[in-house]
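Asks:
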Amino acid sequence: MKIIETIQQLREELSKYKRQGHTIGFVPTMGYLHQGHLSLVEQSKKENDQTVVSIFVNPAQFGPGEDFDRYPRDLQMDEQLLKELAVDVVFYPAVKEIYPEGYATYVEVEKWGNVLCGKSRPTHFRGVTTVVLKLLNIVSPTCAYFGRKDAQQAIIIKKMVKDLNLEVTIHTIPIVRDPDGLALSSRNAYLSTEERKAALSLSRALEKAKTEIAHGLRDASAIKDLLRKEIDKYPLITIDYVEVMSLDALEQIKTITLDNTLVAGAIWAGKTRLIDNFILGEI
Ligand code: AMP
Numbered sequence: 532m533k534i535i536e537t538i539q540q541l542r543e544e545l546s547k548y549k550r551q552g553h554t555i556g557f558v559p560t561m562g563y564l565h566q567g568h569l570s571l572v573e574q575s576k577k578e579n580d581q582t583v584v585s586i587f588v589n590p591a592q593f594g595p596g597e598d599f600d601r602y603p604r605d606l607q608m609d610e611q612l613l614k615e616l617a618v619d620v621v622f623y624p625a626v627k628e629i630y631p632e633g634y635a636t637y638v639e640v641e642k643w644g645n646v647l648c649g650k651s652r653p654t655h656f657r658g659v660t661t662v663v664l665k666l667l668n669i670v671s672p673t674c675a676y677f678g679r680k681d682a683q684q685a686i687i688i689k690k691m692v693k694d695l696n697l698e699v700t701i702h703t704i705p706i707v708r709d710p711d712g713l714a715l716s717s718r719n720a721y722l723s724t725e726e727r728k729a730a731l732s733l734s735r736a737l738e739k740a741k742t743e744i745a746h747g748l749r750d751a752s753a754i755k756d757l758l759r760k761e762i763d764k765y766p767l768i769t770i771d772y773v774e775v776m777s778l779d780a781l782e783q784i785k786t787i788t789l790d791n792t793l794v795a796g797a798i799w800a801g802k803t804r805l806i807d808n809f810i811l812g813e814i
């Protein structure tokens, strides 16, 4: 497994594979890897000749006062996990490599980045789309893999790829959870024991919502009320949002359909912001 820190070296390495006609799967991450990330890597390994994983904590997707500085980092652990999966290349650039002095170009999917998580993190998706576009240009993979845990991110990236005619296939992978249902996240490392217990409020509320929908409930505002009521049972938790949106346009819907619905929530457990969702349909 090669660990490469510069764009030039990465391009040289990947051009060897491309000359041989190999397919390249790409998994962008911010590191501090867990089984959620690894499921993306496993999928890429299955579907491509070569797999590239990037580890880059992207400053552009963190707002002022957010956790960029204290975001968990552990390259040694990440390296070990990726070696065990026989990843071919790890791209581990410094911030200056991606955003050199005077960097000025940003890409944005209008409107789609202002809803859900974009309401409380107004510059977040602009940072995500910018770095993902740059990484896709640098790696030029056949396929790239994203988790449905960040459903809005996956939807926005698919939209960017379509709108900008990028030559890459985006695959999305189901949410990986701890046995008790908590969606795996690098940010779970911030949680105290009490917060960890209370953080389950969101996945439990979503499970209840899913059951109600399975029993025939289709009213989006009833689902949002149910989610709020369930989460409010946990005094340690503050709700950022609960939402029911269309998958294909990221717009609020009144009536749930079984093929075009995203039910999503974000909560604060102390200083830690956590997200979770389920989708009815395909992204
Ligand atoms: P991050 O390192 O948080 O930027 O995540 C990198 C990729 O891993 C993104 O595509 C995430 O959606 C995905 N991911 C993170 N957590 C999970 C999870 N629990 N299940 C599935 N995918 C995940």
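Residue numbering for the sequence shown follows our numbering, beginning at 532 and increasing consecutively.
Heads up, the beta-carbon is just placed ideally off N, CA and C, and yes, glycines get one too.
#1: Which partner residues does Lys614 have in the DSSP bridge list?
#2: Give the range of the alpha helix (DSSP H) segment to which Met691 is assigned.
#3: Apply the 10 Å Cβ neighbour rule to Asp694 and answer buried if 16 or more other Cβ atoms are within range, or exposed otherwise.
#4: Could you check the C-alpha separation between Thr788 and Arg542 for me, to the nearest Å?
#5: In angstroms with no decimal places, state the Cα-to-Cα distance between Gly613 and Asn645.
#6: Buried or exposed for Pro705, please, with buried defined as at least 16 other CB atoms from any protein chain shown within 10 angstroms of its CB.
#7: Count Cβ pairs between the stretch 552 to 566 and the stretch 715 to 729 that sit closer than 8 Å; are there 3 or more?
#8: For the ligand AMP, any of its heavy atoms closer than 6 Å to the Cβ of Met561?
#9: According to DSSP, Thr803 sits in a beta bridge with which residue or residues?
#10: Using 8 Å for Cβ pairs, my map puts His655 next to Gly567. What's the rounded Cβ distance?
#11: Please determine, among Asp619, Leu697, Val775 and Thr703, the residue with the shortest C-alpha to C-alpha distance to Leu758.
#12: Val773 to Ile814, Cα distance in whole Å?
#13: Going by beta-carbon coordinates alone, are Gln581 and Gly658 separated by less than 7 Å?
#14: Quick one: give me the first and last residue of the alpha helix (DSSP H) that Glu543 is part of.
#15: Hey, could you find the ends of the beta strand (DSSP E) Phe622 is sitting in?
#16: Is Glu639 helix, strand or coil by DSSP?
#17: Quick check: the stretch 532 to 541 against the stretch 609 to 625, are at least 3 beta-carbon pairs closer than 8 Å?
#18: Does the beta carbon of Gly678 fall short of 6 Å from some heavy atom of the ligand AMP?
#19: When the Cα atoms are used, what is the spatial distance from Ile762 to Asn808?
#20: Pick helix, strand or coil for Gly747, following the three-state DSSP scheme.
#21: I need the boundaries of the alpha helix (DSSP H) containing Ser575, first residue and last residue.
#22: For Ala800 versus Ala730, is the C-beta spacing smaller than 7 Å?
Replies: The answer reads as follows:
#1: Lys614 is not bridged to any residue.
#2: Ala682 to Asp694
#3: exposed
#4: 44 Å
#5: First, the amino acid is wrong: residue 613 is Leu here, not Gly. Their Cα atoms are separated by approximately 34 Å.
#6: exposed
#7: yes
#8: yes
#9: Ala800
#10: Contact doesn't hold; Cβ gap of about 19 Å is too wide.
#11: Val775
#12: 19 Å
#13: no
#14: Ile538 to Arg550
#15: Val620 to Phe622
#16: coil
#17: yes
#18: yes
#19: 14 Å
#20: coil
#21: Gln566 to Glu578
#22: yes
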